[in-house]
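**Q** Here it is: the structure, laid out below.
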Amino acid sequence: MIAVLKKEATEGQIRNLVGWFEKQGLRVNESKGEYCTVLGLIGDTTAIDIDLLSGLDIIESVTRISDPFKKANRKFHPEDTVVDVGGVKIGGGNFAVMAGPCSVESEEQIIETAKAVKAAGATLLRGGAFKPRTSPYDFQGMKEEGIELLKKAREATGLPIVTEIMGAEQLPLFDDIDCLQVGARNMQNFELLKALGKTDKPILLKRGLSATMKELLMSAEYIMAEGNPNVILCERGIRTYETYTRNTFDLSAIPMLKELTHLPIVADPSHATGRASLIKPMAMAATVSGADGLEIEVHPCPSKARSDGAQSLTFEQFEDVSKAIAKARSII
Ligand code: PEP
Ligand code: MN
Numbered sequence: 003m004i005a006v007l008k009k010e011a012t013e014g015q016i017r018n019l020v021g022w023f024e025k026q027g028l029r030v031n032e033s034k035g036e037y038c039t040v041l042g043l044i045g046d047t048t049a050i051d052i053d054l055l056s057g058l059d060i061i062e063s064v065t066r067i068s069d070p071f072k073k074a075n076r077k078f079h080p081e082d083t084v085v086d087v088g089g090v091k092i093g094g095g096n097f098a099v100m101a102g103p104c105s106v107e108s109e110e111q112i113i114e115t116a117k118a119v120k121a122a123g124a125t126l127l128r129g130g131a132f133k134p135r136t137s138p139y140d141f142q143g144m145k146e147e148g149i150e151l152l153k154k155a156r157e158a159t160g161l162p163i164v165t166e167i168m169g170a171e172q173l174p175l176f177d178d179i180d181c182l183q184v185g186a187r188n189m190q191n192f193e194l195l196k197a198l199g200k201t202d203k204p205i206l207l208k209r210g211l212s213a214t215m216k217e218l219l220m221s222a223e224y225i226m227a228e229g230n231p232n233v234i235l236c237e238r239g240i241r242t243y244e245t246y247t248r249n250t251f252d253l254s255a256i257p258m259l260k261e262l263t264h265l266p267i268v269a270d271p272s273h274a275t276g277r278a279s280l281i282k283p284m285a286m287a288a289t290v291s292g293a294d295g296l297e298i299e300v301h302p303c304p305s306k307a308r309s310d311g312a313q314s315l316t317f318e319q320f321e322d323v324s325k326a327i328a329k330a331r332s333i334i
C-alpha cells in the first residue's frame, strides 16, 4: 500500500503517522520528493482501513499495490535513484559507461585496457576476476590475483571498478571494490543476494538467462529488503530460439523497467548479442531507449581473449562506439 502525503504535512504529523503504521506491524519506506512525501507500507496491510486513512487531513491519496516488489517499485519511490559508484553517479540523468575485458588476464592487459577505455570516455572499468563459465575446463579467471590487478588499474587511471562476485563467502575479497556485479547465472542465488543486501556496496544485478522482468525486480528486492538501496539493474539479453545472436537483446525491457522501478538500468550489448559488429547499433539503441549506462567488453586483442573474444571490441572500435553513444545521448 502507498500513502501519498499532502505537501503541507508537517514533520511532526509525518512522524506520528509513521509511528502508528509501525505499531500496526508494518515497515515504512519513506520517500521525500520535491512536491510530496510517499510512504510505502510493507507487510500485511489487510487490517488497514483505507477509507479511514484517506480521510486524514494530511493524506492526499492511498492506493493498494499488488506488485510483489515494493522497495524497487517506482510507485513507492517516484524519483529516480542515483547510485554512486566510487564517485561516479548512475541514474537520474547521470550516464555511466563501464568498459573493459571480460576477464582480467594479466597486469599489462588490464592496465593497458583501463587507460585506453578511459581515454575514449569510459567512466568505470569492468573486468572479471571470478568467471562463471559454462564449461569447468574453460578459464575460470585469475581470482584473488585478478582483484589485485583491478585495484592496480584503478590506481593507474582513477576509474572505479566493477567486478563479479560469485558467492557470499567471497565478500571479504571485495571490501575495496567499488561495484559488485551479480552475473546472469547468479541472479537467483538468493543467499548471495541477501548477503549483498547487508552491505552498502553498489550492486550491478544482471538479468538471468531466462528471467522475466518481474523475476529481475524480485531479485533486486532481495538485496533492498536487507537494507541496501544501491542496486543497478542490467539488461544483458535473454535466451530465445534465435541462434545468430548469443542472446536476444530485450530492448523494450529498458523503458518497461523505467516505468516499473526507480532503480538505474544499464544495458550490456556485448553479452546480449555476442558479436562485436552489433555493439555499436545496440549501444545507440539502448542509449536512446533511456538506459542510464552501458557495460561493454573491450580487449587489446579480441582474437586472443581468454573469454568472450567474439563480442569484445578493440580499443579503436570502442573509441568509435563511444563517439556514437555521445551522439545518441545528444538527441534525447
Ligand atoms: C560478464 O559480464 O562477463 C558476464 C559473465 O556476464 P553475464 O552474467 O551477463 O553472462
Ligand atoms: Mn563476458
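Read in our numbering, the sequence shown has 157 at position 155, and its numbers run on one by one without any break.
We put the beta carbon where it would ideally sit given N, CA and C, even for glycine.
Source: prediction; values computed, not measured.
1) Going by other Cβ atoms of all chains shown within 10 Å of its Cβ, with 16 needed for buried, is residue 49 buried or exposed?
2) Could you tell me whether the region 71–79 touches the region 269–286, using the rule of 3 or more Cβ pairs below 8 Å?
3) Does DSSP classify residue 11 as helix, strand or coil?
4) Since residue 168 and residue 141 should fall inside the 8 Å C-beta cutoff, what is the C-beta to C-beta distance between them, to a whole number of angstroms?
5) Run through DSSP, which three-state label would residue 415 get?
6) Taking a cut-off of 7 Å, which residues have a beta-carbon closer than that to any heavy atom of the ligand MN, in chain order?
7) What do you reckon, is the C-beta of residue 57 under 6 Å from a heavy atom of the ligand PEP?
8) Roughly how many whole angstroms lie between the Cα atoms of residue 185 and residue 206?
9) I think residue 329 touches residue 292, with their Cβ atoms under 8 Å apart; what is that distance to the nearest whole Å?
10) Specify whether the region 247–267 and the region 194–203 touch according to this definition: at least 3 beta carbon pairs, one from each stretch, less than 8 Å apart.
11) Cβ atoms of residue 324 and residue 98: under 7 Å apart, would you say?
12) Is the Cβ of residue 245 closer than 7 Å to any Cβ of chain C?
13) Can you give me the C-alpha to C-alpha distance between residue 26 and residue 20, rounded to a whole angstrom?
14) Can you tell me which of 117, 166, 200 puts its alpha carbon nearest to the alpha carbon of residue 159?
15) Is it right to say residue 54 is buried, meaning 16 or more other beta carbons lie within 10 angstroms of its own, or is it exposed?
16) To the nearest angstrom, report how far apart residue 300 and residue 103 are at their CA atoms.
**A** Looking at the atomic coordinates:
1) exposed
2) no
3) coil
4) The pair is not a contact, with the Cβ atoms about 14 Å apart (cut-off 8 Å).
5) Here the chain comprises residues numbered 3 to 334, so residue 415 is not present and cannot be evaluated.
6) 104, 130, 272, 273, 299, 309, 310
7) no
8) 8 Å
9) About 16 Å; that fails the 8 Å criterion.
10) no
11) no
12) The displayed structure is made up of one protein chain only, and chain C is not part of it.
13) 10 Å
14) 117
15) exposed
16) 5 Å
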